[in-house]
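Colleague: This is the structure, below, for whatever I ask next.
Number of protein chains: 2
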Amino acid sequence: MLDERKLKVLYAIIDSHLNTAEPIGSRTISKDYDLGVSAATIRNEMSDLEDRGYLIKPHSSAGRIPSDKAYRLYVDQLLTNNEKKELERNQEIKEEIQQETKQTEDIIKNSTRLLSQLTSYTAIAISPQINKLRLKHIQLMSMDGNNIILVLLNSSGSVQNNLFYIDEKIYNDNLFLISKILNDEFNNLTIDEIVDKIKNKDIFKIEELSTILDYILPFISKSLQEISETKIYIDGLTKILNFPEYRDIDKARDFMEFIEDEKTLINLISNMENEDGLTISIGEENEPIEMKHCSIITTNYQFTDKSIGKIGIIGPTRMDYLKLINIMDTMSDNINEIFKILMG
Amino acid sequence: MLDERKLKVLYAIIDSHLNTAEPIGSRTISKDYDLGVSAATIRNEMSDLEDRGYLIKPHSSAGRIPSDKAYRLYVDQLLTNNEKKELERNQEIKEEIQQETKQTEDIIKNSTRLLSQLTSYTAIAISPQINKLRLKHIQLMSMDGNNIILVLLNSSGSVQNNLFYIDEKIYNDNLFLISKILNDEFNNLTIDEIVDKIKNKDIFKIEELSTILDYILPFISKSLQEISETKIYIDGLTKILNFPEYRDIDKARDFMEFIEDEKTLINLISNMENEDGLTISIGEENEPIEMKHCSIITTNYQFTDKSIGKIGIIGPTRMDYLKLINIMDTMSDNINEIFKILMG
DNA sequence: AGTTAGCACTCGAAAGAATAGAGTGCTAAT
DNA sequence: ATTAGCACTCTATTCTTTCGAGTGCTAACT
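Dropping the structure here:
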């Protein structure tokens, strides 16, 4: 463990580096931070901290920058102490997020944009995973009997639709009857459960509709799965260009191309563990090489106490973690509250 | 007008500059292009071309680059001669665009991605303007009587939905009746016409439903307008970083931030005249300062011979216009054909 | 009169040299 | 244990020099 003075020196370097993005020298610390010791003493402490892996020298006659290990230490301490102060602008944030919409997708989209604006970092969010939500209403309809529209209302209040084509014609009178049956059968189940149920043929048989049902159910199942595909929202991609770490155009391109690749990104974000709500992944802790110099902060948003999606920010490891943690907490609080109110 | 030799020199410079992105000298032209005259003669021609505004010298002892005026001349000649060769990969393109979907929005989204891949430029598209499309089916439904779902099927076969809240409860039995009336009244009208009709109260009065109708129609009108908001799709934003013209990070950021600002971009693209299908706006011809060094090529895609949206690319004025025109033509052809087939 | 070879001149980009200064690490004194 | 002092290191900056591509002009050629 690090003794108190070493910690103070380390945090001072982290703080100073946060503002300058430059390597920090011993004299800077002794001048700007009142540690009660001379530059030479700090120099010795810095040397020790480097030996222990908390500081890095870009070259032999430069100052030092914090390592991933240092940020990890700092962040862990932040998360433990958990000195959360509430952001003042709660109400404004809520209004900004919700605007006029009641659709969960729009709320997440707005949140992503606002998060990027508030933080000046690239913000990302994963759409509400509606396969975890409970079905409230399902409705089939058609114009011509061949192109079937499936409309879904789920427990978060959002509406999805999907269009599919069938060779056998089924007209609205029958579609409405089927919808009624499906509503009875599927009410309050999650999409995952419904798909399972269809797969296991674990369903009701009503004589006169049984043939039609057997025919159309696989289409419905596929349709439901298409609807539940995870979407990702990205906002403020160009924010990365404001960081001196990304003045190099090739680095910037690598970063951006990685973010633009939705599939990989969905994977990365989905797999972040968010047991306690907030998760921070620092530099080398990230799997993809393109993210080895970045930190990712994500938190989940909930609906009836179940996590249904994530929202987060990405940027260089040199981050104002304290400030960002607070913003993220506020954001997820607000989103959750909006969802709660939306559901009455 | 330029005589033939001047034109040849100018086109040679355009061609050479296209590949190198460097200023072109007289010797390069005499070496690489068989014009049958010496470098000195070309030098004289170049001097004339500069006087006439077709060439620009970055500095006094450098070669020349084509001006916007030169590109304009070149492009106008291309568009007049119109030596279109069909791209071979038509079928592949169609499959790539359509994938499995029948939703017009998805088709445009896929097209944008493919266009960016094929061209290596940033691609943009404006969503099908469904307010210009004819209504095929409208359906209202609700779970609780307060949150009304409006589902819309239009003549392009795409489905939209919108959720709105009303204080007075209206239940499905009445909503279905209303839907039936609305379908009769609105069938084959465009959304614009429907909104007008509602505004002018130019509607049927069926005794028992008249109060409910008066109450709900304004909500429907607003809902329809929300549905018809223009959306924009962007793909390959980072492609700009591959051009030597945008090695400078501040230039790149200006470009990207402009593209990321959806409202301005929608405005810009919407206002491009596309009478003959394809439109090319070169450098200074673009209004926004951020686009003064870019060219924008857009074309519209059609549904039943009516233009309902646009797709295009954006990049530095130094473009392979010939190749890009062909790709763009092929793309719009394919999109139009898919739409045609979708409608049977 | 149009074309071309020849050459002096220009200017930026690249390479090299000199300088400044921030920072370290060590030593010796406190 | 702490600190002042100092030699040393290394980068970033600035200034010079060099190099070469390219022009524009002149005079000769066809």
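Chain order of the listed sequences is E and X. Following this note's numbering, the numbering of the first sequence begins with 1 at its first residue and continues without gaps. Following this note's numbering, the numbering of the second sequence begins with 1001 at its first residue and continues without gaps. Positions of the beta carbon are idealized from the N, C-alpha and C atoms, including for glycine. These numbers come from a predicted model, not from an experiment.
#1: Is there a C-beta anywhere in chain X that falls below 9 Å from the one on N242(E)?
#2: Contact criterion: CB-CB distance below 9 Å. Does T230(E) meet it with respect to chain X?
#3: Under 9 Å between C-beta atoms, does T238(E) make it to chain X?
#4: What in chain X is Cβ-close to Y71(E), meaning under 8 Å?
#5: In chain X, what lies closer than 9 Å to K102(E) by C-beta?
#6: Might you give, ordered along the chain, the residues of its own chain that have their beta carbon closer than 7 Å to the beta carbon of H137(E), omitting 5 neighbours on each side?
#7: Smallest Cα separation from E1244(X): which of K1008(X), K1006(X), L1018(X)?
#8: Using C-beta distances below 6 Å, list every residue in its chain close to Q139(E), excluding the 5 sequence neighbours before and after it, in chain order.
#9: Hey, out of H1293(X), I1130(X), S1047(X), whose CA is closest to E1284(X)'s CA?
#10: Compare the C-beta of Q160(E) with all C-beta atoms of chain X and state if any pair is closer than 9 Å.
#11: Does E1045(X) pass the burial test, meaning 16 or more other C-beta atoms within 10 Å, or should it be called exposed?
#12: Can you name the residues that DSSP bridges to I280(E)?
#13: Would you decide whether S142(E) is buried or exposed? Buried here means 16 or more other CB atoms lie within 10 Å of its CB.
#14: Measuring only the C-alpha atoms, how far is N131(E) from R1318(X)?
#15: Could you tell me whether the Cβ atoms of I232(E) and T122(E) are closer together than 9 Å?
#16: Taking the straight line between their C-alpha atoms, what separation do you get for F1164(X) and I194(E)?
#17: Counting along the chain, where does the beta strand (DSSP E) carrying F258(E) start and finish?
#18: Could you confirm whether any beta carbon from chain E is found closer than 9 Å to the beta carbon of K1136(X)?
#19: With a cut-off of 9 Å, does the C-beta of L157(E) fall near any C-beta of chain X?
#20: Contact between the stretch 1289–1309 of chain X and the stretch 1325–1335 of chain X: three or more CB pairs below 8 Å?
#21: Give a yes or no on whether the C-beta atoms belonging to L1079(X) and D1320(X) are separated by under 9 Å.
#22: Considering only their Cβ atoms, is the gap separating N271(E) from Q1160(X) smaller than 9 Å?
#23: Report the neighbours of Q1139(X) on chain E: residues whose CB is nearer than 7 Å to its CB, in chain order.
#24: Looking at chain X, is there any beta carbon in it that lies within less than 9 Å of the beta carbon of E245(E)?
#25: Go ahead and pull the three-state DSSP assignment for R52(E).
#26: Assign F339(E) to one of three DSSP states: helix, strand, or coil.
#27: Which residue comes first and which comes last in the alpha helix (DSSP H) that contains I107(E)?
#28: Find out if the Cβ-Cβ distance for the pair P1023(X), A1062(X) is shorter than 9 Å.
#29: I'd like to know whether the C-beta of V195(E) is nearer than 9 Å to at least one C-beta of chain X.
#30: Mind checking which residues open and close the alpha helix (DSSP H) that includes P1218(X)?
#31: Taking the alpha-carbon positions, what's the E1050(X) to V1009(X) distance?
#32: Distance, Cα to Cα, D1248(X) vs L324(E)?
#33: Please confirm if the stretch 1090–1099 of chain X is in contact with the stretch 1028–1041 of chain X, defined as three or more CB-CB distances below 8 Å between the two stretches.
#34: For I249(E), which residues in chain X fall below 9 Å Cβ to Cβ?
#35: Within the same chain, show all residues whose beta-carbon is closer than 6 Å to that of A125(E), passing over the 5 residues directly before and after it, in chain order.
Modeller: The relevant details are as follows:
#1: yes
#2: no
#3: yes
#4: Chain X residues near Y71(E): none, gap ~25 Å exceeds 8 Å.
#5: N1147, L1163, F1164, Y1165
#6: L153, N183
#7: Per the sequence presented here, residue 1244(X) reads as Pro, with Glu not at that position. When each option's Cα is compared against that of P1244(X), the closest is L1018(X).
#8: V151, S179
#9: H1293(X)
#10: yes
#11: buried
#12: I297(E)
#13: buried
#14: 48 Å
#15: no
#16: 27 Å
#17: Run containing F258(E): none in the beta strand (DSSP E); it sits in the alpha helix (DSSP H), 249–260.
#18: yes
#19: For the record, residue 157(E) in the displayed sequence is Gly; it is not Leu. Yes, G157(E) counts as interfacial toward chain X.
#20: yes
#21: no
#22: no
#23: M141
#24: no
#25: coil
#26: helix
#27: 104–119
#28: yes
#29: no
#30: 1210–1227
#31: 12 Å
#32: 30 Å
#33: no
#34: L1241, Y1246, R1247, D1248, I1249, A1252
#35: I108, T112, Y233, I311
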